[in-house]
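Enquirer:
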Amino acid sequence: MDDEYAKLIRRMNPPRVVIDNDACEHATVIQIDSANEHGILLEVVQVLTDLNLTITKAYISSDGGWFMDVFNVTDHAGNKISDEGIINYIQKTLETDACFLPSLRGSVGVMPSNEHTSIELTGADRPGLLSEVCAVLKNLRCNVVNAEIWTHNARAAAVVHVTDEMTGCAIEDSERLSTVKELLCNVLKGNYDLNTAKMTLSSPGVMHTERRLHQMMFAVRDYERVGVTGMGRTDEDRSSRPHVTISDCVEKDYTVVTMRSKDRPKLLFDTIFTLTDMQYVVFHGTVNTGRLEAYQEYYIRHVDGLPISSEAERQRVTQCLEAAIERRTSEGLELELCTEDRVGLLSDITRIFRENSLCIKRAKISTKCGKAKDTFYVTDVSGNPVDLKTIESIQREIGQSILRVKQNLSFSPKPPQETAGFLLGNFFRTNFRLIRSYS
14 MDDEYAKLIR
24 RMNPPRVVID
34 NDACEHATVI
44 QIDSANEHGI
54 LLEVVQVLTD
64 LNLTITKAYI
74 SSDGGWFMDV
84 FNVTDHAGNK
94 ISDEGIINYI
104 QKTLETDACF
114 LPSLRGSVGV
124 MPSNEHTSIE
134 LTGADRPGLL
144 SEVCAVLKNL
154 RCNVVNAEIW
164 THNARAAAVV
174 HVTDEMTGCA
184 IEDSERLSTV
194 KELLCNVLKG
204 NYDLNTAKMT
214 LSSPGVMHTE
224 RRLHQMMFAV
234 RDYERVGVTG
244 MGRTDEDRSS
254 RPHVTISDCV
264 EKDYTVVTMR
274 SKDRPKLLFD
284 TIFTLTDMQY
294 VVFHGTVNTG
304 RLEAYQEYYI
314 RHVDGLPISS
324 EAERQRVTQC
334 LEAAIERRTS
344 EGLELELCTE
354 DRVGLLSDIT
364 RIFRENSLCI
374 KRAKISTKCG
384 KAKDTFYVTD
394 VSGNPVDLKT
404 IESIQREIGQ
414 SILRVKQNLS
424 FSPKPPQETA
434 GFLLGNFFRT
444 NFRLIRSYS
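Count along the sequence shown starting at 1, add 13, and that's the number in this note's numbering.
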């Protein structure tokens, strides 16, 4: 009944989207006005993020039954959006129900696919883990067509799409799928706690892959610090961790969450998803990114209408937001592999990395039209920067035109020691002026 009522409200008050390239000198301004419902902010941010747009500023207001959000966005090169196709897509998508997906948790594995089999993996991270997984899949005549792998705080999660080597389609033999599951679970267990290893086979559903990875890492409690986390890290590395503070709002019955961290792509998506998935509602918020640092400030309540009331809940929200920011933080050396795709390619590449003592911290694997384009973030086995002579040796083995160094992320400049207090003090005044200027 509640879902039907929400649909009726949306039909009576369809979202209104205004895209303005003249209001700001350096960014395209996108304003969305809509009837409010839980999760709408996340869906809007996801649409913009999936287009590889960078959100440089955002102003959020959703008191009462109405939602208003203003984003300043740029393309990947830092320019305003000039592509009319992208502008029309944003307008069309945000003004229809297309971006308002069903329940976040209830949408996993609900749509069958004949194209590939989806495998979800979680377990304890260790050097060479991805290489071992790929070797097992190769031996079982499974071809990896797409995958995304995250590691954080000694845990690992991956969503892998595989096809049958012979047919190029999804694997349908139940006995063979059982064998895949059994052998991969053995790899994931390794010498670690058996309870941390998990593999599931599912048809890909409407669940967003990055949402699923966040949920999988949360499920293995990567927000809890473990003793080996500091291995290979310097004091400067530790000082660059995100800073999250939680306080009470004196004006209204809100909890104020303030975050300061290094800026990076998809940062806003990661934090908004975490709050939404933990069943918190963002009523007001401001986001401001600088050259090196990003500030986020949100006025939230739990979906039951209550602010955070206990110290244990404060601690848990703080840890989960820190983890959400850190999961996608790129560390180490960024390598890009571009070549003709073939069965076993990923197994061979990851084996070479393992033999040269490289540890894969994060990876994104994709194939399209017979071409493989893979991105790896690597360190040495202790988490330290990779010796560039090692990379040169690997390039000679694989091919310098095939494997390229994109960016060295091991040494990042330390962000300036600024405070985010001005966001809290000026929040309501800033949003009031903004709403008036766009009304």
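Glycine included, every Cβ here is placed at the ideal spot set by N, Cα and C.
1. Could you name each continuous alpha helix (DSSP H) segment of 4 residues or more that falls completely within the stretch 296-347, going from the start of the chain to the end?
2. Distance cutoff 7 Å, beta carbons only. Does Arg-341 sit that close to anything in chain C?
3. Using only alpha-carbon positions, find the residue among Val-391, Thr-222, Glu-195 and Ala-336 that is nearest to Val-239.
4. In chain order, what residues of the same chain lie with their CB nearer than 7 Å to the CB of Ile-73, ignoring the 5 residues before and after it?
5. Do the stretch 307-321 and the stretch 359-378 make contact, defined as three or more Cβ pairs closer than 8 Å?
6. So, does the stretch 329-348 touch the stretch 93-103, judging by three or more C-beta pairs under 8 Å?
7. What are the start and end residues of the alpha helix (DSSP H) that includes Cys-147?
8. Rounded to a whole number of angstroms, what is the C-alpha to C-alpha distance between Asn-460 and Glu-178?
9. For Arg-225, report the span of its alpha helix (DSSP H) as first-last.
10. With DSSP as the reference, label Cys-382 as helix, strand or coil.
11. Only counting the same chain, and skipping five residues up and downstream in sequence, which positions put a Cβ closer than 7 Å to that of Asn-159?
12. Do Val-172 and Glu-133 have their C-beta atoms closer together than 7 Å?
13. With which residues is Glu-188 paired in a DSSP beta bridge?
14. So, for Ala-232: in the same chain, excluding its five sequence neighbours on each side, which residues have a beta-carbon less than 7 Å away from its beta-carbon?
15. Cα-Cα, which of Leu-142, Ser-131, Glu-108 and Tyr-236 is closest to His-165?
16. Taking Ala-307 as the reference, give the member of Val-394, Ser-144, Ile-68 and Thr-268 with the closest Cα.
17. Out of Glu-38, His-39, Thr-392 and Phe-84, which one is the CA nearest neighbour of Val-60?
18. Whose C-beta lies closer than 7 Å to the C-beta of Lys-374 among residues of the same chain, with five residues either side of it excluded?
19. Within its chain, find whatever has a CB closer than 6 Å to the CB of Ser-144; leave out the 5 residues flanking it on each side and keep chain order.
20. Taking buried to mean at least 16 other C-beta atoms within 10 Å of its own C-beta, is Cys-351 buried or exposed?
21. How close, in whole Å, do the beta carbons of Ala-137 and Ala-90 come, if the pair is a contact with beta carbons under 8 Å?
22. Do Ile-184 and Thr-268 have their CB atoms nearer than 7 Å?
23. How about Ile-407 and Asn-369: are their beta carbons less than 7 Å apart?
24. Report the residue ranges of all alpha helix (DSSP H) runs contained in full by the stretch 358-402; include only those spanning at least 4 residues, in chain order.
25. How far does the alpha helix (DSSP H) with Gln-44 in it extend, from its first residue to its last?
26. In three-state DSSP terms, what is Ser-406?
27. Along the beta strand (DSSP E) that carries Asn-85, what are the first and last residues, could you check?
28. Give the straight-line distance between the Cα atoms of Lys-384 and Glu-349, rounded to the nearest whole angstrom.
29. What's the C-alpha gap between Lys-275 and Val-149?
30. Identify every residue that forms a DSSP beta bridge with Tyr-236.
31. Does the distance from the CB of Asn-301 to the CB of Lys-70 come in under 7 Å?
32. Under a three-way DSSP split, which group does Leu-197 fall into?
33. Out of curiosity, what's the CA-to-CA distance linking Val-330 and Thr-180?
34. What's the gap between the Cα of Arg-341 and the Cα of Asn-34?
35. For Gly-141, count neighbouring Cβ atoms within 10 angstroms of its own Cβ and tell me buried if that reaches 16, exposed if not.
Expert: Let me spell this out:
1. 324-340
2. Within the model displayed, chain C is absent; a lone protein chain is all it includes.
3. The residue you call residue 239 lines up with position 226 of the sequence shown. Of the candidates Val-391, Thr-222, Glu-195 and Ala-336, the one whose C-alpha sits nearest the C-alpha of Val-239 is Ala-336.
4. Numbered from its first residue, the sequence shown carries residue 73 at position 60. Excluding residues within five positions, the ones whose Cβ falls inside 7 Å are Leu-54, Asp-82, Val-295, His-297 and Gly-298.
5. no
6. no
7. Counting from one through the sequence shown, the residue named residue 147 turns up at place 134. Note, Cys-147: alpha helix (DSSP H), 142-152.
8. Because the chain here runs from 14 to 452, residue 460 falls outside it and cannot be looked at.
9. As a first step, residue 225 must be located in the sequence shown, where it is residue number 212. Arg-225 -> alpha helix (DSSP H) spans 222-232.
10. Taking the sequence shown and counting its residues from 1, the one referred to as residue 382 is at position 369. Residue state, collapsed to three classes: coil.
11. If you number the sequence shown from 1, residue 159 lands on position 146. Here the set comprises His-174, Ile-378, Ser-379 and Thr-380.
12. Working through the sequence shown from its first residue, we reach residue 172 at position 159. Working through the sequence shown from its first residue, we reach residue 133 at position 120. Cβ atoms of Val-172 and Glu-133: closer than 7 Å.
13. Numbered from its first residue, the sequence shown carries residue 188 at position 175. The partner list for Glu-188 (beta bridge, DSSP) is empty, contrary to what the question assumes.
14. The residue you call residue 232 lines up with position 219 of the sequence shown. So the list reads Thr-135, once near-sequence residues are dropped.
15. Within the sequence shown, the letter at position 152 stands for residue 165. It is Tyr-236 whose Cα lies nearest to the Cα of His-165.
16. Numbered from 1 along the sequence shown, position 294 holds the residue referred to as residue 307. With distances taken between Cα atoms, Ala-307 lies closest to Ile-68.
17. Looking up residue 60 in the sequence shown gives position 47. Taking only the C-alpha atoms, the option nearest Val-60 is Phe-84.
18. What you label residue 374 is simply residue 361 of the sequence shown in a count that begins at 1. Correct list, in chain order: Thr-164, Glu-344, Gly-345, Tyr-390, Val-391 and Thr-392.
19. Translated into positions along the sequence shown, residue 144 becomes position 131. Once the five neighbours on either side are set aside, the close Cβ partners of Ser-144 are Thr-363, Arg-364 and Arg-367.
20. In the sequence shown, residue 351 corresponds to position 338, counting from 1. With fewer than 16 Cβ atoms within 10 Å of its Cβ, Cys-351 is classed as exposed.
21. On the sequence shown, position 124 is the one that residue 137 refers to. On the sequence shown, position 77 is the one that residue 90 refers to. Their Cβ separation, rounded to whole angstroms, is 39 Å, which puts Ala-137 and Ala-90 out of contact at 8 Å.
22. For the purposes of this step, residue 184 is taken as the residue at position 171 of the sequence shown. For the purposes of this step, residue 268 is taken as the residue at position 255 of the sequence shown. No, the Cβ-Cβ distance between Ile-184 and Thr-268 is not below 7 Å.
23. By 1-based counting over the sequence shown, the position of residue 407 is 394. By 1-based counting over the sequence shown, the position of residue 369 is 356. Inclusion of Ile-407 and Asn-369 in the CB contact set at 7 Å is warranted, their separation being smaller than that value.
24. If you keep only unbroken alpha helix (DSSP H) runs of at least 4 residues inside the stretch 358-402, you get 358-368.
25. Residue numbering aside, residue 44 sits at position 31 when the sequence shown is read from its first letter. Not the alpha helix (DSSP H): Gln-44 falls in the beta strand (DSSP E), residues 41-48.
26. Counting from 1 along the sequence shown, the entry for residue 406 is found at position 393. Here Ser-406 sits in helix by DSSP.
27. For the purposes of this step, residue 85 is taken as residue 72 along the sequence shown, with counting starting at 1. Here the beta strand (DSSP E) through Asn-85 covers 79-87.
28. Position 371 of the sequence shown, counted from the start, is the residue given in the question as residue 384. Position 336 of the sequence shown, counted from the start, is the residue given in the question as residue 349. Computed Cα separation, rounded: 13 Å.
29. Sequence index remark: in the sequence shown, residue 275 carries index 262 (1-based). Sequence index remark: in the sequence shown, residue 149 carries index 136 (1-based). The alpha-carbon atoms of Lys-275 and Val-149 are separated by roughly 37 Å.
30. Counting from 1 along the sequence shown, the entry for residue 236 is found at position 223. Looking at the DSSP assignment, Tyr-236 forms no beta bridge with any residue, so it has no partner.
31. Translated into the one-based positions of the sequence shown, residue 301 becomes position 288. Translated into the one-based positions of the sequence shown, residue 70 becomes position 57. Yes; because the gap between Cβ atoms is below 7 Å, this pair is in contact.
32. Residue numbering aside, residue 197 sits at position 184 when the sequence shown is read from its first letter. The answer is helix: DSSP assigns Leu-197 an H, G or I state.
33. As a position in the sequence shown, residue 330 is number 317, starting the count at 1. As a position in the sequence shown, residue 180 is number 167, starting the count at 1. The straight-line gap from Cα to Cα measures roughly 46 Å.
34. Position 328 of the sequence shown, counted from the first residue, corresponds to residue 341. Position 21 of the sequence shown, counted from the first residue, corresponds to residue 34. In a straight line, the C-alpha of Arg-341 is about 30 Å away from that of Asn-34.
35. Working through the sequence shown from its first residue, we reach residue 141 at position 128. Per the 10 Å Cβ criterion, buried.
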